[in-house]
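Numbers given in my numbering equal positions in the sequence shown, counted from 1, plus 94.
For glycine and all other residues, C-beta sits at the position ideal for the given N, C-alpha and C.
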Amino acid sequence: MEFLHYVVDYGVMAVLLLMSVVVVAVAIERKLFYTRLQVASYADKKTLELQLTKRLHIIATIGSNAPYIGLLGTVLGIMLTFSTIGDKGLADTGQIMSGLALALKATAAGLLVAIPAVVMYNFLTRAAKELILEWEISNGR
Numbered sequence: 095m096e097f098l099h100y101v102v103d104y105g106v107m108a109v110l111l112l113m114s115v116v117v118v119a120v121a122i123e124r125k126l127f128y129t130r131l132q133v134a135s136y137a138d139k140k141t142l143e144l145q146l147t148k149r150l151h152i153i154a155t156i157g158s159n160a161p162y163i164g165l166l167g168t169v170l171g172i173m174l175t176f177s178t179i180g181d182k183g184l185a186d187t188g189q190i191m192s193g194l195a196l197a198l199k200a201t202a203a204g205l206l207v208a209i210p211a212v213v214m215y216n217f218l219t220r221a222a223k224e225l226i227l228e229w230e231i232s233n234g235r
């Protein structure tokens, strides 16, 4: 069961770290694209909308799934704790608390990835809608 400890401590945390890096990278790329965008250069609203919403699904997917990755770490951490208790045949409070702390760390990390991802998605979606409205106003539609 030592393997499970490393999966929770390093595997789940590494996945969540990677997810957070992807979210930040995509959000920065989209924001830079929005600031450089010339709305008037698009003749078709659908083409503009397609360009504005490109890669936003990545942020939304990570924002909605990061808590589940954290929950997976929580479940694995609790399983590890119960397995340790069962193997040793005693209820050492220190071991129980360290196992539960490991589990809660995964949950917190999942939330720390998900919450900013959802906020970034909402800000970027709003910015895209504003740019589409700007295009509609300038084109009389």
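Quick one: grab the DSSP three-state call for residue i.
i: residue 132; result: coil
i: residue 125; result: helix
i: residue 138; result: coil
i: residue 233; result: coil
i: residue 164; result: helix
i: residue 223; result: helix
Answer yes or no: do residue i and residue j have a C-beta to C-beta separation smaller than 8 Å?
i: residue 174; j: residue 102; result: yes
i: residue 196; j: residue 164; result: no
i: residue 167; j: residue 106; result: yes
i: residue 213; j: residue 114; result: no
i: residue 146; j: residue 211; result: no
i: residue 229; j: residue 162; result: no
Out of the options, state which residue places its alpha-carbon closest to the alpha-carbon of residue i.
i: residue 227; options: 138, 150, 189; result: 138
i: residue 108; options: 231, 199, 215; result: 199
i: residue 202; options: 182, 111, 98; result: 111
key: Segment contact, 8 Å Cβ cut-off, at least three pairs: the region 138-156 with the region 111-120   = The region 138-156 is in contact with the region 111-120.
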